[in-house]
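So the sequences go chain by chain: A and B.
Counted the way this note's numbering counts, the first sequence spans residues 1 to 66.
Counted the way this note's numbering counts, the second sequence spans residues 67 to 775.
A short write-up of the structure that comes next.
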Amino acid sequence: MPREIALADALVPGLLLVFGACLLLLWLVDTLVGRFGLYRFVWHPPLFRLALFVCMFGAAGLWLFH
Amino acid sequence: MSAATQATPASAPRWPWLAAFMAEERVAWIFVAKTVLAMYITCWLAMLFQLEQPATAMITVSIVMHPQSGMVLAKSFYRALGTLAGSLFGLTLMSLFPQQRELFLLSLSLWVALCAGGATLYRNFAAYGFVLAGYTAAIVTLPAVSNPLAVFDSAVMRVSEVLLGIIVSGVVSDVVLPERLRLLLRRSAREYFAHFIDFARGSTGGSIPRREMEQAHMRFVRAAVQLEDLRASVIFEDPEARARSSRMRLLNQRYMAASTSFQSVHHLINRLQRSDHDKVAAALIALYAPIGEALSPEPAMQQDPASLAPRLLACEEVLPPLAANLRANLPQATWLEFDTGANLLRRFASEMRDFTSLEASLRAGNLSGSVETVHFRRGNDYLGAGVSVLRTFLTMSALSVFWLMSGWPFGSSAMLLATIFSGLFGASAHPMTGIVNTLIGYVAGMVAGYVVTFWLLPGGDGFTMLIIATLPFLLIGPYLTTRNALPGVGAGYTLGYVYILALKNPMVYDPTHFLNDAIAQVVGLGLTAVAFVFVPAVTGSGWQRRRQLVQLRRQVVQAATAPLEGLLYRFESVNRDIFQQVVAYTRQDSDESRSLLAWALSVHECGRAVIELRRDMAHVNFPAAVGTVVSGAVQAIARLYQQPGAEAWRQADAAVDRAIAVTSQHLEHARGSCQSALAHLHLLRSALRDDESAMAPYIQSSAEPNHAS
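Structure follows, in structure tokens:
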């Protein structure tokens, strides 16, 4: 994946798009998990979500740009 | 003696006020700590990423932070949307008018004004998104106004700074010692549920004094609006709440429908008792008894929806045979009245069953299947929004003209501040107090900023020293926002302090620039106050309240004319929203408040009856001949609420009477469809002739109730 992408002729870092995609993914996961109430089994749900997001973003970033 | 007096306080905590004070201080200081933490993380990251103005990111944090994390996330979401929209517009504007500053400033003023007007049309933080859209267009373009080529970089910088501030404050408030809004929502939802069930159970005696009914109505309305407001913020905080969101909406609509039916039943019984139809009233109270019984299981289960729902279901089976029994014992002339009441009671019972079973499934966490999507509609005053647009436009164009004519180098600072504050205070009810408080806080913040920038900061080196130098004065602002005594001072202080400090890497030592900028900012803030003198705030003013009362009455016109699809939900929610807006600014027990309540109850009852009547008319077997007469009656009632008066009342009353006569003639060969229409018509007539309602001044003394059934 290219490091920079031209969106309407403006160069945008590729990571920004990955960031947006990960937010969308987190939203999907949230919808599913919230639907079945699975966050009740987690001690600190916001912290868990944050960690989950960091994992997703880190993994996607490393995989796409390594 | 002295031993006894000494022994008693020893068993209790020595200073009970101290414990309460400490608990309150603890909450306040947690908030202060979170705000300060978020601010310094933002500042550090902004310097690390080499953003131009870390101060913008810090200001974002100070504006977005709120003790409850759901509020922060909701506010952040709308702020992000507003920022993106505003910067896109700013870029477009700059590329359209790079050379024509008059046109540029005119369009910018217009855009900011329209955004300020849009903000008054929304409750919650969506309003805030509008303010931000206006304000960001200004902060993106104004610093680059003399160098149009730099506008793209400026836009990218501002958007990055704002988004950085949003992300950091969202993460900090959600992860570090979060204060959950969800708990508040759950607590108030259970409280309102219990109150409603208790009230419905406690009124099995039948008659409720009008005063108590009015109090209950206010409470029901406040509950419905508040639950919707909370829901709209909680969905940002909690994924589980988001999964329940559509059910919570539906629950609220069912709550509103049930409370309207409940009120109609009691108005009807009250009227029957007043007009010497005690037998019918007694029969209806007897018919209400099974519902009251269904609502009273053993005391421990009385507010538990899971045990109430099956009982209400069983009660629905009991009602029709009991109604037939009671009806047989009444004289035939009163059957119509009894049927009206029995019809309402059946509706109330089934709505209560729907309401409690949905509440039960929500509490059990049973979310399988999809539910009907409903929306809570708001009632808006577009002319009020127009006034806000006008005021902001005048402020902005006055400042632009002054800036252009004088060539003032710091004009853009003044314009920026004016933009922020005319948007933020546009929808407020007491903008003058708010602005004066904010101005005091702002000036205090700038004085503190002066001390820090020119006495403390030059002595230190590095980020740690920066924190040590700026922290003591920074703490004051967030702490003041947790005190309710001086609204606005804390926010003004933080804003003034952070803005004028203009932390950046490396810092600049320039007292002249500092003083010029400070003067410009105070001028911008002061001019906003002046604008509110020329074009006063409309929110909560007598003028807007009168307009909203008219709008409330028009709800019946809507009920009579708008397409039926989704009409009931819209009617119920808009009604409550308007009522809640007016009642918030009405003094209790004044003549105005009494008249407002009377109209609200009357609109509620008649509007609902009109909608039900129109549903009956949509029935396939409804005879066409009856249809025209009944629509005539519906139109006459719409005219009465459009323009209340004795003549309109007489016409409406006559039209409803005629419709009742024609419908009862057709009752023989179309019983299925006409029966319930007849009951609704009768309910309308009795509501029109209620001499304790808002109709009282228009009722003519000659109109003696003659029962034409």
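The beta-carbon is built from N, C-alpha and C at its ideal position, and this holds for glycine as well.
Model, not experiment: these values are computed from the prediction.
Closer than 8 Å to chain E by CB, residue i
i, result
"V33/A", "The chain inventory of the structure shown lacks chain E, comprising the protein chains A and B."
Helix, strand or coil at residue i according to DSSP, with G and I counted as helix
i, result
"L64/A", "helix"
"S768/B", "Note that S768/B scores 48 on pLDDT, short of 50, meaning its location in the model is unreliable and no value can be drawn from it."
"Q647/B", "helix"
"I726/B", "helix"
"N190/B", "coil"
"T605/B", "coil"
"A493/B", "coil"
"A243/B", "First, the residue type needs correcting, since residue 243/B is Leu and not Ala in the sequence shown. It is coil, neither helix nor strand."
"V18/A", "helix"
"V437/B", "coil"
"I274/B", "coil"
"L552/B", "coil"
"T126/B", "helix"
"W83/B", "helix"
"F476/B", "coil"
"A69/B", "Per-residue confidence for A69/B stands at a pLDDT of 45, beneath the threshold of 50, marking its modelled position as unreliable; the derived number appears in the next sentence. Three-state result, A69/B: helix."
"A360/B", "helix"
"W43/A", "coil"
"G500/B", "helix"
"G431/B", "coil"
"R613/B", "helix"
"H732/B", "helix"
"P710/B", "coil"
"V640/B", "helix"
"Q119/B", "coil"
"Y559/B", "helix"
"Y575/B", "coil"
"E631/B", "coil"
"F48/A", "helix"
"T207/B", "helix"
"E758/B", "coil"
"V54/A", "helix"
"G698/B", "helix"
Contacts around residue i, its chain only, beta-carbon distance under 6 Å, and the 5 residues preceding and following it disregarded
i, result
"M418/B", "A324, L378"
"M113/B", "P120, N571"
"G693/B", "M683"
"R315/B", "V440"
"V589/B", "A480"
"S142/B", "V130, I232, G236"
Cβ neighbours of residue i in the same chain (closer than 7 Å, five flanking residues each side left out)
i, result
"L361/B", "I263, A266, R267, L374"
"N409/B", "S742, A745"
"V437/B", "S312, R313, L316"
"G738/B", "N687"
"E631/B", "none"
"R674/B", "T326, S330"
"E658/B", "T652"
"R636/B", "R443"
"A192/B", "Y144"
"P577/B", "F520"
One or two residues paired with residue i in a DSSP bridge
i, result
"V12/A", "I5/A"
Rounded distance between the beta-carbons of residue j and residue i, thought under 8 Å
i, j, result
"G558/B", "G507/B", "3 Å"
"A747/B", "D719/B", "It should be noted that the sequence gives Leu, not Ala, for residue 747/B. Incorrect: roughly 12 Å between the Cβ atoms, too far for contact."
"A216/B", "A210/B", "5 Å"
"R277/B", "D756/B", "Going by Cβ atoms, the distance from R277/B to D756/B rounds to 15 Å, so no, they are not a contact pair."
"H261/B", "L663/B", "Not confirmed; about 19 Å, so no contact."
Residues near residue i in its chain [Cβ-Cβ closer than 8 Å; skip 5 each side]
i, result
"L801/B", "Residue 801/B cannot be examined here, being either before or after the span of chain B that is shown, 67 to 775."
"V722/B", "A699, A702, I703, L747, L750, R751, L754"
"D295/B", "R189, N190"
Residue i Cβ short of 7 Å to the ligand GDP heavy atom set
i, result
"E257/B", "With respect to the ligand GDP, the structure offers nothing, as it holds no ligand at all."
Contact residues within the stretch 208 to 220 of chain B, judged by C-beta distance below 9 Å to chain A: F218
Chain-ordered residues of the stretch 12 to 24 of chain A with a beta carbon less than 7 Å from chain B: none
Chain-ordered residues of the stretch 287 to 315 of chain B with a beta carbon less than 7 Å from chain A: Contact annotation: in the stretch 287 to 315 of chain B, residues whose CB is within less than 7 Å of a CB in chain A are P305, E306, R308, A309.
Chain-ordered residues of the stretch 240 to 259 of chain B with a beta carbon less than 8 Å from chain A: D240, V241, P244
The stretch 433 to 448 of chain B: positions lying closer than 7 Å to chain A by Cβ: Within the stretch 433 to 448 of chain B, the residues whose Cβ lies closer than 7 Å to some Cβ of chain A are L433, listed in chain order.
Interface residues of the stretch 45 to 65 of chain A facing chain B [CB-CB below 7 Å]: P46, L47, L50
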